[in-house]
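Once you know that position 274 of the sequence shown is 260 in my numbering, the rest is easy, because the numbers rise by one and skip nothing.
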Amino acid sequence: MRRRDQVSIIGIVASIAIGVLVALAGSSGSVEVGSFPVFAICAALAYLINWIVFVPSNAAQTEAYYDLTGSITYVSVVAAAVVLSDDLDARAWIAAILVAVWAGRLGSFLFRRVKRDGRDGRFDAIKTNPLRFFMTWTLQGLWVLFTAACALAIITAADREELEWVGYVGIALWAVGFVIEVVADQQKSAFKRDPANDGRFITSGLWSWSRHPNYFGEITLWIGMAVLALPILSGWRWVMLISPVFVIVLLTRISGIPLLEARGAKRWGDDPDYRAYVERTSVLVPLPPRS
-13 MRRRDQVSII
-3 GIVASIAIGV
7 LVALAGSSGS
17 VEVGSFPVFA
27 ICAALAYLIN
37 WIVFVPSNAA
47 QTEAYYDLTG
57 SITYVSVVAA
67 AVVLSDDLDA
77 RAWIAAILVA
87 VWAGRLGSFL
97 FRRVKRDGRD
107 GRFDAIKTNP
117 LRFFMTWTLQ
127 GLWVLFTAAC
137 ALAIITAADR
147 EELEWVGYVG
157 IALWAVGFVI
167 EVVADQQKSA
177 FKRDPANDGR
187 FITSGLWSWS
197 RHPNYFGEIT
207 LWIGMAVLAL
217 PILSGWRWVM
227 LISPVFVIVL
237 LTRISGIPLL
247 EARGAKRWGD
257 DPDYRAYVER
267 TSVLVPLPPR
277 S
């Protein structure tokens, strides 16, 4: 067996094992259907949906529905949590609606982008190897579980807490992050649609204050969801705070900023204007450009 396949198998097993541990922690204090915690059912559903869609995607060697499936998974696990949980309060309904709005907006945006571009370059070397391709779909199941952990904890909580000032702070943070992400994505899309900007990099709007304002928005909204969840976390459920930590680490250390920064340096690294833009512009947090 090739080393690459061995790594893929290890990645698949590790992703499932970590997901099981998160499901066990989230199931503490979860409402149950029969003898099964609703949180655990939602965790299993996150993986199952991705594995089902993997089958035709692997046969066609296409990544076209990968991001869309991620959004569908978010909506599906939240919908399952809502349907299977009892006595939903305002906090639970708000968490469910916020996740659905975010997933629907981002999923449709990414799906349109892949359709427009014809492919997603991240998958060029992956989709021709079934094990590596399957690993990416399994990782997406774990990604959904990690990211939505706080929201699922809120919706499936056996004990409810009145929505007080902490909850409103969380909602406000989520709203600010969502607006920043949407505006940043729209600004970049409009920039790319202009033929005059072909081959150029964006330096206007929010992108003049941050090189990755969309990621800042993404991080902020999931921190908001975690704040919204704080009053109902106890015992092992504190593990659900892995949600914003995971998003931060993923976007700032693994697949977000590092990849895009490397891609930008490779494409425009010799351009004095690009180097000047990098020097004066904050990497993540929107700040006035340095003079």
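Yeah, the Cβ is synthetic: ideal placement off N, Cα and C, and Gly gets one too.
For F120, the enclosing alpha helix (DSSP H) starts and ends at P116 to T133. Between the C-alpha atoms of A0 and W222 there is a straight-line separation of about 20 Å. In the DSSP secondary-structure assignment, A143 is bridged to S16. The Cβ atoms of I218 and A143 lie closer than 7 Å to each other. Pairwise C-beta distances place the stretch 64 to 72 in contact with the stretch 132 to 152, as three or more of them are shorter than 8 Å. Beta bridge pairing from DSSP links S220 with no other residue. Shown here for V233: same chain residues with a beta carbon closer than 7 Å to its own, the five before and five after excluded, namely T133, E204, I205 and W208 in chain order. By the criterion of a C-beta distance shorter than 6 Å, V63 is surrounded in its chain by C28, L31 and A32, once the five residues flanking it on both sides are discounted. The C-alpha of G153 is placed about 32 Å away from the C-alpha of N36. With the rule of 3 Cβ pairs closer than 8 Å, the stretch 263 to 270 counts as touching the stretch 184 to 198. Under the three-state reduction of DSSP output, S277 falls in the coil class, being neither helix nor strand. The alpha-carbon separation between V61 and G250 amounts to approximately 33 Å. Here P272 has I166, L192, W195, S196, P199 and F202 as same chain residues with Cβ atoms under 8 Å from its own Cβ, once five neighbours each way along the sequence are excluded. Beta-bridge annotation (DSSP): P23 is paired with E18. Remark: C-beta atoms of N183 and P116 do not approach each other more closely than 7 Å. Rounded to whole angstroms, L131 and P258 show a C-alpha spacing of 42 Å. Each residue's CA atom was taken as its position, placing L92 and F187 some 22 Å apart. When L128, I(-2) and K252 are compared, the shortest CA-CA separation from T59 is found for L128.
If you draw a 10 Å sphere on the C-beta of S21, you find fewer than 16 other C-beta atoms in it, and that means exposed. Look at S196 here: in three-state DSSP terms it is strand. Here V87 is exposed, its C-beta having fewer than 16 other C-beta atoms within 10 Å. Take V17, set aside five residues on each side of it, and the residues of its chain with a beta-carbon closer than 8 Å to its own are P23, V24, L70, S71, D72, T142, A143 and A144, in chain order.
In the DSSP secondary-structure assignment, S268 is bridged to S196. Exposed is the label assigned to K252, since fewer than 16 other Cβ atoms lie within 10 Å of its Cβ. Note on geometry: alpha-carbon atoms of W254 and I(-2) lie some 36 Å from one another.
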